[in-house]
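Once you know that position 47 of the sequence shown is 66 in this note's numbering, the rest is easy, because the numbers rise by one and skip nothing. Built from N, CA and C at the ideal position, the CB exists for glycine as well.
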Amino acid sequence: QTFLRGWQKTDESGIVSFATIYPGWYRGRTTHIHFKIFLDDSSTMTGQLFFPDALSDQIFATVPPYAERAGKRDTSNARDGIARRAGPLAQ
């Protein structure tokens with residue numbers, strides 16, 4: 020499965036912007052988006068973008084189709100092992 024994958028090139032200043040849907044969640048992980056940056060053919064950086072818990076809670080409680088999903092998100096930023104290792108800015 021490819022789950023909303025895609026790629027974009029930056030402008031001359033190294034800036035890129037994109038529009039996407041708000042990500043869902045899965046058991047044991049907080050809400051996040053994976054990304055990978057390619058500097059050249061041999062240099063890459065892989066990371067994850069985290070969202071404020073209050074925003075995720077509001078969206079998952081009030082916005083269809085998120086609000087219709089069975090079960091509740093089980094992992095906050097503070098309880099997610101990867102987000103914790105990223106430090107306080109991720110939480």
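What are the start and end residues of the alpha helix (DSSP H) that includes G100?
-> Indexing the sequence shown from 1 puts residue 100 at position 81. From DSSP, the alpha helix (DSSP H) with G100 extends over G100 to A105.
Tell whether a beta-carbon distance below 9 Å holds between H51 and A102.
-> For the purposes of this step, residue 51 is identified with residue 32 of the sequence shown, where counting begins at 1. For the purposes of this step, residue 102 is identified with residue 83 of the sequence shown, where counting begins at 1. A contact, by the Cβ cut-off of 9 Å.
Look at the Cβ atom of R104, then the Cβ atom of W44, and state whether they are nearer than 9 Å.
-> One-based indexing of the sequence shown puts residue 104 at position 85. One-based indexing of the sequence shown puts residue 44 at position 25. It is not a contact, given that the beta carbons lie outside the stated cut-off.
Determine the DSSP secondary structure at Q67, reduced to helix, strand or coil.
-> Translated into positions along the sequence shown, residue 67 becomes position 48. Q67 falls in the strand class under three-state DSSP.
State the beta-bridge partners of F54 as determined by DSSP.
-> The residue you call residue 54 lines up with position 35 of the sequence shown. Answer is G66.
Got a sec, what are the start and stop residues for the alpha helix (DSSP H) F74 sits in?
-> Reading the sequence shown from its first residue, position 55 is the one you call residue 74. Correcting the residue identity first, residue 74 is Leu in this sequence and not Phe. Unbroken alpha helix (DSSP H) run through L74: D72 to T81.
On the three-state DSSP scale, how would you describe Y45?
-> Numbered from 1 along the sequence shown, position 26 holds the residue referred to as residue 45. Of the three classes helix, strand and coil, the one that applies to Y45 here is coil, per DSSP.
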